[in-house]
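Some notes on the structure that comes next.
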Amino acid sequence: MRRVNGTALILAALVATLGALAFPIWSYADRSGTGQANLNAGTVATQWGPLSAADRDLVVKVRLAGLWEIPAGQQAMERAPTQAIRDAGDHLIVGHTDLDQRVRSVAAKLGVELPNQPNPQQQGWLKELTAATGKDYERKFANLLRNAHGKVFAAIAQVRHTTRNTLVRELATDANQTVLDHITMLENTGDVDFDAIADEAAGTATASPTGPPPPNGQVPSAPAPAVPSGSPDATSRPSAATTDEPGRSINTDRPGPTS
């Protein structure tokens, strides 16, 4: 009897051990709710490679960028008091006109539906620019557009890094070059508030900063003073319809020709 009981205990222990070893393998094979499962769930096959949800989102964002930045550039060419702002506006028009043709061609091949007007937030930015004049207009133009370009720049880089779709990768490369050019032109105006941009980014951070300590034993600086309420900043603002001047509207509903 003792021998039977001992054998039963040994068998039970072996079964438990095998079960514990098998569980991680089964769990990994299932992958329900993991990043891999999420990627596969949003991905469809195309002749240019898998097309993920993030890929499609970038295609739409590139189109949306042109829908508000081309009118913003046209407005700058007409109203900006300085040559630096007009030059930046010219780069917006040329860059996004070319990029818009490219993105519509890519979207048609991949079957991605594109918007034909700016989103509400972008319409709000256009309205804010329309209401500003003089130096206030310059600052708003430089900061609203620089902040928007900086955010999409990061999104482009992520998709360019991870996409498995040839068309999306090529589009991301073109968009990356265009956005970097626009960022450079906007910064050349001398009106970009880098403190406001950094403060906004810090406000969305969820982890403590890392990296090497300050050089020469320096103590980190105190927080920067608050931006005056009347100064432009890098934050987003509510949306609305937009006009270029009193009685003249900016054409923000500008459907492009079909590809």
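Under this note's numbering, the residues of the sequence shown are numbered 8 to 266, in order.
Every residue, glycine too, gets a C-beta built ideally from N, C-alpha and C.
Bounding residues of the alpha helix (DSSP H) (the contiguous stretch that carries residue i)
i       : result
Asp-200 : Premise fails: Asp-200 is in no alpha helix (DSSP H) and is neither H nor E.
Asn-126 : Neither: Asn-126 is in no alpha helix (DSSP H) and is coded neither H nor E.
Trp-75  : 60-86
Glu-194 : 173-194
Val-226 : Looking at the DSSP string, Val-226 is not in any alpha helix (DSSP H), and its letter there is neither H nor E.
Glu-145 : 141-169
Thr-104 : 90-117
Contacting residues, own chain, Cβ-Cβ under 6 Å from residue i (five flanking each side not counted)
i       : result
Thr-170 : Asp-62 and Arg-176
Phe-30  : Annotation note: pLDDT 46 at Phe-30 (below 50); position unreliable, coordinate value reported separately. For Phe-30, where only same-chain residues beyond five positions count, there are no Cβ hits under 6 Å.
Leu-151 : Trp-132
Glu-76  : Leu-99 and His-103
Val-226 : none
Asn-47  : none
Arg-86  : none
Cut-off 7 Å between Cβ atoms - residues of its own chain near residue i, not counting five sequence neighbours on either side
i       : result
Asp-94  : Met-192
Ala-72  : His-103 and Val-159
Ala-182 : Val-69, Leu-106 and Ile-163
Thr-53  : Leu-117 and Asn-172
Ser-243 : The pLDDT assigned to Ser-243 is 42, lower than 50, so where the model puts this residue is not dependable; a value taken from the coordinates is nonetheless given after this. Correct list, in chain order: Gln-128.
Close beta carbons around residue i, own chain, < 8 Å, minus the five adjacent residues each side
i       : result
Val-66  : Val-110, Val-113, Ala-114, Leu-117, Val-119, Leu-121, Val-175 and Leu-178
Ile-32  : Note that Ile-32 scores 43 on pLDDT, short of 50, meaning its location in the model is unreliable; the coordinates nonetheless yield the value given after this. Answer for Ile-32: no residue qualifies.
Pro-57  : Thr-50, Val-51, Arg-171 and Asn-172
Lys-142 : Pro-88
Thr-180 : Arg-167
Asp-188 : His-98 and Gly-102
Assigned exposure category for residue i - 16 Cβ within 10 Å defines buried
i       : result
Thr-185 : buried
Val-51  : exposed
Gln-43  : exposed
Asn-258 : The pLDDT assigned to Asn-258 is 44, lower than 50, so where the model puts this residue is not dependable, and the model offers no usable value.
Gln-129 : buried
Leu-74  : buried
Ala-155 : buried
Pro-219 : exposed
Ala-36  : Low confidence applies to Ala-36: its pLDDT is 45, below 50, so where it sits in the model is not reliable, and the reading given next is rough at best. With fewer than 16 Cβ atoms within 10 Å of its Cβ, Ala-36 is classed as exposed.
Supposed close pair residue i, residue j - CB separation, criterion 8 Å
i       : j       : result
Ile-190 : Phe-148 : Their Cβ separation, rounded to whole angstroms, is 14 Å, which puts Ile-190 and Phe-148 out of contact at 8 Å.
Arg-289 : Asp-107 : Because the chain here runs from 8 to 266, residue 289 falls outside it and cannot be looked at.
Glu-207 : Arg-153 : Glu-207 to Arg-153, Cβ: 12 Å. No contact.
### Task
Count the C-beta pairs between the stretch 59-74 and the stretch 161-173 that are closer than 8 Å, then say yes if the count reaches three, no if not.
With a cut-off of 8 Å, the stretch 161-173 and the stretch 59-74 count as touching, because enough Cβ pairs lie within range.
Does the stretch 76-88 come close enough to the stretch 136-154 that 3 or more CB-CB pairs lie under 8 Å? Output reads yes: the stretch 76-88 touches the stretch 136-154.
- Does the stretch 198-206 touch the stretch 113-125, meaning 3 or more C-beta pairs lie closer than 8 Å? With a cut-off of 8 Å, the stretch 198-206 and the stretch 113-125 do not count as touching, because too few Cβ pairs lie within range.
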